[in-house]
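A.B. asks: So that we are looking at the same thing, I have put the structure below in structure tokens.
Number of protein chains: 2
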Amino acid sequence: MNLSPKIENFVLHCGEMGSRWGFNRTIGQMVGLLVINEHPLTANQIAEALKISRGNVSMGIKELQSWQLVKVHHVPGDRKEYYAPNGTIWDLANKVFEERRKREIDPTLTLLRDQILDSANSPEEKYAQEQMQSIHDLLETVTKWSAELQRLTPEQLQSLMKLGSSVSKVIDLKDKLLKKSQITEVCHA
Amino acid sequence: MNLSPKIENFVLHCGEMGSRWGFNRTIGQMVGLLVINEHPLTANQIAEALKISRGNVSMGIKELQSWQLVKVHHVPGDRKEYYAPNGTIWDLANKVFEERRKREIDPTLTLLRDQILDSANSPEEKYAQEQMQSIHDLLETVTKWSAELQRLTPEQLQSLMKLGSSVSKVIDLKDKLLKKSQITEVCHA
DNA sequence: TTTAACTTTCAATAATTACTGAACGTTTAG
DNA sequence: CTAAACGTTCAGTAATTATTGAAAGTTAAA
């Protein structure tokens, strides 16, 4: 496993970004390495390429599996495991997005739901309740929207972007349509 | 500064989530404390409430200012600085979102743009280039979309959600409209 | 059943990140 | 000018997180 400078550069960058994306440097490098290589790699190849211990690779793969970012291949007559990205770039990004939502938003949503049920028994708590309600509403909106957007294919998103339209224009259109049921009929026809 | 159990609970939770939101535990607690209190707080009040050193508060405030999440108030005839959230919950979330985009996406986009300009000089590099192109396109799409969504007010977003419509339906509608210019005319009228 | 080729685990340790508190800087009132 | 009341900085240290490598676990061929 000797990486060309260009590829090494990319892998190192993934390492630097790793912690910002939700994992650590080594795991970031592993993702970069697997994504940039056309063929699946063995744990030993990964360890050699990144100059890290075999045990560290094992732990990293485990973590990546918990994010559902890698899948394992087997070659007949070969006991080694071969690791590859679990899907397209788009699939991986979706998985990261989803997992981060679970870690960054869901626990807070749960807490806020509980807190909001409780009644306030002082002016400060009254204000606190209101703020918690705002945060709750915000997070719920974000959650619903991210689910909507994840449902779209990259092609749908990109073609929409390329039309040069802004989302708010689309929303305005929709509002107009809703106010004119006869036109909505036509549109659905 | 004696926090009621409910409020303390919320602040501690913000601390636990802090690192997942892009800062550390203490800074997460500071955000929670400022958001949940109706009135601005002094550095000493924050230190006392969170049981941390005065110096730590100073560093935390500095960090929060770099995220543009707090603003400073002054009371005439009082030398102390009073800290408060810099905007509504929605504003704060937008700022965090924006800042994280800068840290998590922009550097990678810059790197990929450079790498893609370079020509590949081996089959591995050819594949690597293609993958980098995919990542680049994905990140650019995400960036554009997040800009679009940030332009909307919370009311616009929430009212749209409440209509029970899915984004893909809206997009389908738009496609239909584009294919029937005469109807588009009517809609714009 | 033994051995070889692999993977996983985890205690020890290295690396990184966060926090404290004392020293210093600044402003204003007396 | 001095002292009091505040904010900032940063070297030292504490806390947390990541990594190694040796030991243990697993599997399958001989």
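Heads up: the sequence lines are chains V and X, in that order. Those letters in the first sequence? Residues 1 to 189, per the numbering used here, in order. Those letters in the second sequence? Residues 1001 to 1189, per the numbering used here, in order. The beta carbon of each residue, even a glycine, is placed where N, CA and C say it ideally should be.
Tell me V/Tyr82's beta-bridge partners as DSSP assigns them.
C.D. replies: In DSSP, V/Tyr82 forms a bridge with V/Thr42 and V/His73.
A.B. asks: Mapping the DSSP letters down to three states, classify V/Phe23 as helix, strand or coil.
C.D. replies: DSSP places V/Phe23 in coil when its eight states are reduced to three.
A.B. asks: Give me, in chain order, the residues of the same chain whose beta-carbon lies closer than 8 Å to that of V/Asp105; leave out the 5 immediate sequence neighbours on both sides.
C.D. replies: The sequence shown places Ile at residue 105 of chain V, not Asp. Closer than 8 Å at the Cβ level, and outside the excluded window around V/Ile105, lie Leu139, Val142 and Thr143.
A.B. asks: Against X/Arg1103, what residues of chain V qualify as contacts under a CB-to-CB distance less than 7 Å, listed in chain order?
C.D. replies: Per Cβ cutoff of 7 Å: Arg20.
A.B. asks: What is the C-beta distance between V/Ile7 and X/Glu1125, in whole angstroms, given that I count them as a contact (C-beta under 8 Å)?
C.D. replies: With 8 Å as the limit, V/Ile7 and X/Glu1125 qualify as a contact, their Cβ atoms being about 7 Å apart.
A.B. asks: Where does the unbroken alpha helix (DSSP H) through X/Arg1117 begin, and where does it stop?
C.D. replies: Note that residue 1117 of chain X is Leu in the sequence shown, not Arg. Residues Asp1106 to Leu1117.
A.B. asks: By alpha-carbon positions, which one of X/Glu1155, X/Val1031, X/Ala1128 and X/Gln1150 ends up nearest to V/Val35?
C.D. replies: Among X/Glu1155, X/Val1031, X/Ala1128 and X/Gln1150, the Cα nearest to that of V/Val35 is on X/Ala1128.
A.B. asks: Quick check: is the beta carbon of V/Ile7 nearer than 8 Å to any beta carbon in chain X?
C.D. replies: Interface residue, yes.
A.B. asks: Check the Cβ of X/Ser1066 against every Cβ in chain V and list those closer than 8 Å, keeping chain order.
C.D. replies: Per Cβ cutoff of 8 Å: no residues; X/Ser1066 is ~16 Å from chain V at best.
A.B. asks: If X/Ile1061 sits next to X/Tyr1083, beta carbons under 8 Å apart, how far is it from one beta carbon to the other, in whole angstroms?
C.D. replies: Yes, they are in contact, since the Cβ atoms of X/Ile1061 and X/Tyr1083 sit about 6 Å apart, within 8 Å.
A.B. asks: Could you run through the segment 127-139 of chain V and flag, in chain order, every residue whose CB is less than 8 Å away from some CB of chain X?
C.D. replies: From the segment 127-139 of chain V, only Tyr127, Ala128, Gln131, Met132, Ser134, Ile135, Asp137 and Leu138 have a Cβ closer than 8 Å to chain X.
A.B. asks: Drop a sphere of 10 angstroms on the beta-carbon of V/Thr108, count the other beta-carbons inside from all chains shown, and report buried for 16 or more, exposed for fewer.
C.D. replies: By the neighbour-count rule (16 or more Cβ atoms within 10 Å), V/Thr108 is buried.
A.B. asks: Going along chain X in order, which residues have a C-beta closer than 8 Å to the C-beta of V/His73?
C.D. replies: The premise fails here: V/His73 is roughly 17 Å from chain X at the closest Cβ pair, so nothing lies under 8 Å.
A.B. asks: When burial is assigned at 16 or more other CB atoms within 10 Å of the CB, is V/Met17 buried or exposed?
C.D. replies: Buried, by the Cβ-count rule.
A.B. asks: Measuring alpha carbon to alpha carbon, tell me which of V/Glu130, V/Ser146, V/Gln150 and V/Leu152 ends up nearest X/Glu1038.
C.D. replies: Selected option, being the one with the closest Cα: V/Glu130.
A.B. asks: So X/Gln1115 contacts chain V; which residues on that side make the cut at Cβ distance below 8 Å?
C.D. replies: Ordered by position in chain V, the residues that pass the 8 Å Cβ test against X/Gln1115 are Lys6, Asn9 and Phe10.
A.B. asks: Applying the criterion that 16 or more other CB atoms from any shown protein chain within 10 Å of the CB defines a buried residue, is X/Ala1093 buried or exposed?
C.D. replies: The residue in question, X/Ala1093, is buried, as its Cβ has 16 or more Cβ neighbours within 10 Å.
A.B. asks: Is it buried or exposed, X/Gln1150, if we count other Cβ atoms within 10 angstroms and call 16 or more buried?
C.D. replies: Exposed, because fewer than 16 other Cβ atoms sit within 10 Å of the Cβ of X/Gln1150.
A.B. asks: Taking C-beta pairs closer than 9 Å, name the residues in chain X that V/Ile89 reaches, listed in chain order.
C.D. replies: The contacting residues are Gln1131, Ser1134, Ile1135, Asp1137 and Leu1138.
A.B. asks: Within the 8 Å Cβ cut-off, does X/Thr1141 reach chain V?
C.D. replies: At least one chain V Cβ lies under 8 Å of X/Thr1141.
A.B. asks: Return helix, strand or coil for X/Ser1146, following the three-state DSSP convention.
C.D. replies: If DSSP states are grouped into helix, strand and coil, X/Ser1146 belongs with the helices.
A.B. asks: Select from the segment 1013-1044 of chain X all residues with a C-beta closer than 7 Å to any C-beta belonging to chain V, and list them in chain order.
C.D. replies: Within the segment 1013-1044 of chain X, the residues whose Cβ lies closer than 7 Å to some Cβ of chain V are His1013, Met1017, Arg1020, Trp1021, Val1035, Ile1036 and Glu1038, listed in chain order.
A.B. asks: Does X/Gly1077 pass the burial test, meaning 16 or more other C-beta atoms within 10 Å, or should it be called exposed?
C.D. replies: Looking at its Cβ environment, which holds fewer than 16 other Cβ atoms inside 10 Å, X/Gly1077 is exposed.
A.B. asks: Can you pull the chain V residues whose beta carbon is under 7 Å from the beta carbon of X/Ala1093, in chain order?
C.D. replies: Within 7 Å Cβ-Cβ: Leu138.
A.B. asks: In this structure, does DSSP put X/Gly1018 in helix, strand or coil?
C.D. replies: Looking at X/Gly1018 - three-state DSSP - the assignment turns out to be helix.
A.B. asks: Tell me whether X/Thr1110 is buried or exposed, calling it buried when 16 or more other Cβ atoms sit within 10 Å of its Cβ.
C.D. replies: With fewer than 16 Cβ atoms within 10 Å of its Cβ, X/Thr1110 is classed as exposed.
A.B. asks: I'd like to check one pair, X/Trp1090 with V/Leu157: are the Cβ atoms closer than 8 Å?
C.D. replies: Going by C-beta atoms, V/Leu157 is not nearer than 8 Å to X/Trp1090.
A.B. asks: Out of X/Asn1002, X/Ile1027, X/Leu1033 and X/Asn1024, state which residue places its alpha-carbon closest to the alpha-carbon of X/Val1011.
C.D. replies: Of the candidates X/Asn1002, X/Ile1027, X/Leu1033 and X/Asn1024, the one whose C-alpha sits nearest the C-alpha of X/Val1011 is X/Leu1033.
A.B. asks: CB-CB under 6 Å to X/Ala1043, same chain, minus the five flanking residues each way: which ones, in chain order?
C.D. replies: Only Val1057 meet the Cβ criterion.
A.B. asks: Note down, in chain order, every chain V residue with its Cβ under 7 Å from the Cβ of X/Gln1150.
C.D. replies: By Cβ distance, chain V contributes nothing, its closest Cβ being about 10 Å from X/Gln1150, past 7 Å.
A.B. asks: Buried or exposed for X/Leu1069, going by 16 or more other Cβ atoms inside 10 Å?
C.D. replies: X/Leu1069 is buried by the Cβ-count criterion.
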